[in-house]
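Only one structure is covered here, and it is reproduced in the block below.
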């Protein structure tokens, strides 16, 4: 996420130092114990019953522990054996920053660092198909049924059949991606860690155009995460992305020409990156984007005009809840803010700093939302007030957002394991028992 002028090797080194900063030194102790496995159920004092359906290892060839190098077996790529060496990693060297995705027919799509991308049976955890990539996946994939498009850490972009796992094409790019992919009208748009965005032909993977942020001669502007995922305006005339030099740019999706750009001055002593998002409003007229350890902004898509800007020390991309006209933002200081969509005014401030950094906030259903933490797996919150209603007791560290669907939750832990949960809301049942026990018994 950090933007600076440096050589590629130095930049990558600092990149992993920042990932450690995000994880937090206090989370290291939790990583030393293995996540609990197997089937179990329990009822806490909250109105939930949570069943842990177990965990599946995403990278079975990985061995070693905290501060050790990533070791591989049966690999010809010798560079991979040194991939995590000397990078200043704080935390497990197998981490994921992307959420699993629920698919049809009781399947879940998951990928992570040091593995690749695979589809799993939700009930059994069995891998249905796997696309192995030695360095793994660090960018959000994009699904346009029956295909999934993904940009991997070996600097390849792939189009994959979502039912069989067959790779239909693979394109080698100059640098890895930890941002995301967007597909629209025959183009595949991908952001990369060297402050660039590429447009590829959807049918062949051939490059159509490339846009890269300018830098002075002999230097490279490198992003620590390059976390921005490209998004399309509602009228299909602009592709939007944020970059590590503090700029937010609207580009022609067909030609790659700049339509407008907005550069934001940094508020943090270290970070300048404007790549936490963008998240688009439902009507496509406003883009919400965060600056690392800096401001949260609402930007008019048509012109690039900043509608409002609020210093919240943003840590991750926000959760925009249009139904309730509010935005939930996590800060680098361990706080959760609820702000008004139209003004950016702070409505609620909750301090969860004792639990580490709040990684991501994800809607669960009409009543609840899920948060993940660097010092614990996840927690359930009231969607209106943000109050924590239930906290996972297994303390499975997670830096990635969760996937939610109906009563199911999936997350990938920092040990690169896919954890599956079933969550039952007991509130309705308890209410029925109080009001009409005979009807329930029947």
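In my numbering, the protein residues as written are 26 to 467.
Note that beta-carbon positions come from the ideal geometry of N, C-alpha and C, so glycine has one too.
Taking a cut-off of 8 Å on C-beta distances, the segment 339 to 352 touches the segment 304 to 320, as three or more cross pairs fall below it. In the structure shown, residue 253 adopts coil according to DSSP, grouped into three states. The DSSP-derived three-state label of residue 292 is coil.
Between residue 269 and the set 228, 216, 389, the nearest pair of CA atoms involves 216.
Residue pairing by DSSP places residue 361 opposite 355, 375 in a beta bridge.
Between residue 411 and residue 361, the gap from beta carbon to beta carbon is short of 7 Å.
Look at residue 400 here: in three-state DSSP terms it is coil, with no helix or strand label. The beta-carbon separation of residue 385 and residue 356, rounded to 13 Å, does not stay under the 8 Å limit for a contact. Its chain contains 164, 216, 251, 252, 253, 254 as the residues whose beta carbon lies nearer than 6 Å to that of residue 204, once the 5 sequence neighbours on both sides are disregarded; these appear in chain order. Residue 321 and residue 261 have their C-alpha atoms some 25 Å from each other. For residue 348, the three-state secondary structure derived from DSSP is coil. For residue 214, the CB contacts under 6 Å within the same chain, skipping 5 residues up- and downstream, are 207, 224, 255, 264 in chain order. With respect to the 7 Å criterion, residue 142 and residue 162 are classified as neighbours on the basis of their beta carbons. The Cβ atoms of residue 201 and residue 180 sit closer than 7 Å to each other. DSSP, reduced to helix, strand and coil, places residue 197 within a strand of the structure shown. Straight through space, the alpha carbons of residue 169 and residue 222 are spaced by roughly 20 Å. The beta carbons of residue 400 and residue 381 sit about 3 Å from each other, so the pair counts as a contact at 8 Å. Selection 404, 445, 188 evaluated against residue 171 yields 188 as nearest (Cα-Cα). Counting along the chain, no beta strand (DSSP E) covers residue 210, and no H or E run does either. For residue 151, the secondary structure class from DSSP, reduced to helix, strand or coil, is coil.
With 16 or more other Cβ atoms from the protein chains shown falling within 10 Å of its own Cβ, residue 422 counts as buried. Membership of residue 146 in the beta strand (DSSP E) is indicated by the continuous run 141 to 146. For residue 259, the closest alpha carbon among the candidates 450, 409, 209 is that of 209.
For residue 180, no beta strand (DSSP E) run applies, since DSSP gives it neither H nor E.
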